[in-house]
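Protein chains in written order, with numbering that gives the first Met the number 0: chain X, 0 to 113; chain D, 0 to 263.
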Amino acid sequence: MNFLSPPGAGGSGDQPGAMRQEPVIRIPDNGRLLYRCWGDEYVFYHPATGDTHLFDQASADLILAVSAQPLSRAALLKRLAASLKSLTDQEIEQFLDELLMKCGQSGLLEVGEG
Amino acid sequence: MSEHLRRLYKDFELISDPDFCDFHVALMPPFGVRRYVRPQVNFSFDGEYPFKPLPYGQAGALFEWGLNWCIARHANQYLIIHAAVVAKDSRALVLAGTPGSGKSTLCAALVCEGWRLLSDEMALLSVDDGGLYPVPRPISLKNRSLEVISAFSPDSVMGPVVRDTAKGTVGHMRPPLQSVELGERPARPAQLVFPRYKERSGTKLTSLSKGRALLRAAENSFNYSVLGTHGFNSLARLIDDSDCHEFQYSRLDEAIAVFTELAT
Chain X
0 MNFLSPPGAG
10 GSGDQPGAMR
20 QEPVIRIPDN
30 GRLLYRCWGD
40 EYVFYHPATG
50 DTHLFDQASA
60 DLILAVSAQP
70 LSRAALLKRL
80 AASLKSLTDQ
90 EIEQFLDELL
100 MKCGQSGLLE
110 VGEG
Chain D
0 MSEHLRRLYK
10 DFELISDPDF
20 CDFHVALMPP
30 FGVRRYVRPQ
40 VNFSFDGEYP
50 FKPLPYGQAG
60 ALFEWGLNWC
70 IARHANQYLI
80 IHAAVVAKDS
90 RALVLAGTPG
100 SGKSTLCAAL
110 VCEGWRLLSD
120 EMALLSVDDG
130 GLYPVPRPIS
140 LKNRSLEVIS
150 AFSPDSVMGP
160 VVRDTAKGTV
170 GHMRPPLQSV
180 ELGERPARPA
190 QLVFPRYKER
200 SGTKLTSLSK
210 GRALLRAAEN
220 SFNYSVLGTH
230 GFNSLARLID
240 DSDCHEFQYS
250 RLDEAIAVFT
260 ELAT
């Protein structure tokens, strides 16, 4: 799954004037996550894959938000901007893209229709 | 084989008519010519033969490896971590790590210094209550560790030494009587340590973050993936209950001083 170019994002096959919902980031199969935190370390257990993941506070905040409710990339950027105030917009986008890439490859998150 | 049992299991109770046994195992010669020519030995578990036969001289080692296999494969009421476990005053020190990390040598030295042995090979962490349950069987020592422990504690009782096994030269140290007598009493986790023996290195104890400790303990578990969410919750409880460290050493006397200090 490619998080950087979500499905339906401006492809030539789009019908002119058709209603398009913004893709959302979500936990696959509406799955739940278990997690524990110690200080600014968060460890997530993903029962669907059996994998265990370690994240920092900012990444964990986004994953927890997505596990509560699927969110668009724009919504995630907005959340990140609020928590990572010392970073530029470009750095925040890069942070999010790297996180989504990592989570996409491990099956922790996926892109779906909104 | 009888010498192995006589020396190493001297303090264990023999049950003449068991109502229930977890595993039924046996050591026996294979069928055919290998009973007589370069004789071999087979390990059977509930009538099955999970391993290839080994030379007869390795029967004692095969017995210990087979028992480890039985527990690691079937005792899923525990999260099982590849670790030695010793205790002082019911507070357990878990020495986790892969073969060659020096955990059995450390474990043997600590036991020789009066620590209680819970296990040399596997930490059995109860999924129900988070306690560490004992399996105080003989401590497996390999290669140079045999000489190191014999020199460190000349009074320790060693079983027969077997050479040229898949793991090199292998021998076992008898568990102390007191550890055997406390064989059904669990201990609470207090310290989780990932040791690493490095020749001629200094002794260094370094704090390890709890998140990283959980990932490393999961990597060293036999059945973490089998237990699913129970495995994660059990491991998280172990991490909650424990101070977590990495430990590098080459000198046993210095290592023991560090763990004695940690236990106080």
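Cβ atoms here follow ideal geometry from the backbone N, Cα and C, with glycine treated the same way. Keep in mind it's a predicted model, so treat the numbers as computed, not measured.
Q) By how many angstroms is the C-alpha of residue 70 (chain D) removed from the C-alpha of residue 22 (chain D)? A) 9 Å
Q: Could you tell me whether the Cβ atoms of residue 187 (chain D) and residue 115 (chain D) are closer together than 9 Å?
A: no
Q: Report yes or no: do three or more beta-carbon pairs, one from the segment 148 to 166 of chain D and one from the segment 211 to 224 of chain D, lie closer than 8 Å?
A: no
Q. When you check each C-beta in the segment 100 to 112 of chain D against every C-beta of chain X, which residues fall closer than 8 Å?
A. none
Q | Three-state class that DSSP yields for residue 68 (chain X) in the structure shown | A | coil
**Q.** Cβ separation of residue 232 (chain D) and residue 81 (chain D), assumed to be a contact under 8 Å, to the nearest whole Å
**A.** So it is not a contact: roughly 20 Å between Cβ atoms.
Q. For residue 255 (chain D), which residues from the same chain have a beta carbon less than 7 Å from its beta carbon, with the 5 sequence-adjacent residues on both sides left out?
A. 108, 109 and 112
Q) For chain D, is any of its Cβ atoms less than 9 Å away from the one on residue 42 (chain X)? A) yes
Q | Contacts of residue 33 (chain X) in chain D (Cβ-Cβ under 8 Å) | A | 228, 231 and 232
Q. Should residue 129 (chain X) be flagged as near chain D, meaning a C-beta pair shorter than 9 Å?
A. Residue 129 (chain X) lies beyond the stretch modelled for chain X, which goes from 0 to 113, so this question has no answer here.
Q) Between residue 106 (chain X) and residue 47 (chain X), is the Cβ-Cβ spacing less than 9 Å? A) yes
Q | Contacts of residue 27 (chain X) in chain D (Cβ-Cβ under 8 Å) | A | None at all; the shortest Cβ gap to chain D is about 16 Å.
Q. In terms of residues, what are the limits of the beta strand (DSSP E) holding residue 34 (chain X)?
A. 33 to 37
Q. What is the C-beta distance between residue 115 (chain X) and residue 72 (chain X), in whole angstroms, given that I count them as a contact (C-beta under 8 Å)?
A. Coverage of chain X is limited to positions 0 through 113, which leaves residue 115 (chain X) absent and any answer about it impossible.
Q) Apart from the five residues on each side of it in sequence, which residues of its chain come closer than 6 Å, Cβ to Cβ, to residue 247 (chain D)? A) 195, 197, 200 and 203
Q.
Residues of chain X with CB closer than 8 Å to the CB of residue 235 (chain D), please, in chain order.
A. 35 and 42
Q | Whole beta strand (DSSP E) elements within the segment 116 to 204 of chain D, 3-residue minimum | A | 121 to 125, 138 to 141, 161 to 164, 167 to 172 and 187 to 196
Q. Count the other CB atoms within 10 Å of the CB of residue 223 (chain D); is the residue buried (16 or more) or exposed (fewer)?
A. buried
Q.
Using only CA atoms, which one of D:86, D:174 and D:105 lies nearest to residue 184 (chain D)?
A. D:86
Q.
Below 8 Å on the Cβ atoms is my contact criterion, and I expect residue 226 (chain D) with residue 123 (chain D) to pass it. Report the Cβ-Cβ distance as a whole number of Å.
A. The pair is not a contact, with the Cβ atoms about 13 Å apart (cut-off 8 Å).
Q) With distances taken from CA atoms, which of X:68, X:35 and X:49 is nearest residue 56 (chain X)? A) X:35
Q: Would you mind sorting residue 59 (chain X) into buried or exposed? The rule is 16 or more other CB atoms within 10 Å of its CB.
A: buried
Q: Tell me, please, which residues DSSP counts as bridged to residue 80 (chain D).
A: D:122 and D:220
Q: Give me the Cα-Cα distance between residue 161 (chain D) and residue 59 (chain D), rounded to the nearest whole angstrom.
A: 8 Å
(Q) According to DSSP, is residue 48 (chain D) part of a helix, a strand, or is it coil? (A) coil
Q: To the nearest angstrom, report how far apart residue 12 (chain X) and residue 100 (chain X) are at their CA atoms.
A: Because the pLDDT at residue 12 (chain X) is just 42, under 50, the model does not fix this residue reliably, and the point stays unresolved.
Q | Assigned secondary structure, residue 21 (chain D) (DSSP; H/G/I helix, E/B strand, else coil) | A | coil
Q: Report the rounded CA-to-CA distance for residue 34 (chain D) versus residue 0 (chain D), giving the unit in angstroms.
A: 15 Å
Q: Report back the beta-carbon spacing between residue 104 (chain D) and residue 148 (chain D) to the nearest angstrom; my notes put them in contact at under 8 Å.
A: 7 Å
Q: Go ahead and label residue 190 (chain D) buried or exposed: buried means 16 or more other beta carbons lie within 10 angstroms of its beta carbon, across all protein chains shown.
A: buried
Q | Residue closest to residue 88 (chain D), alpha-carbon to alpha-carbon, out of D:3, D:101, D:117 and D:42 | A | D:117
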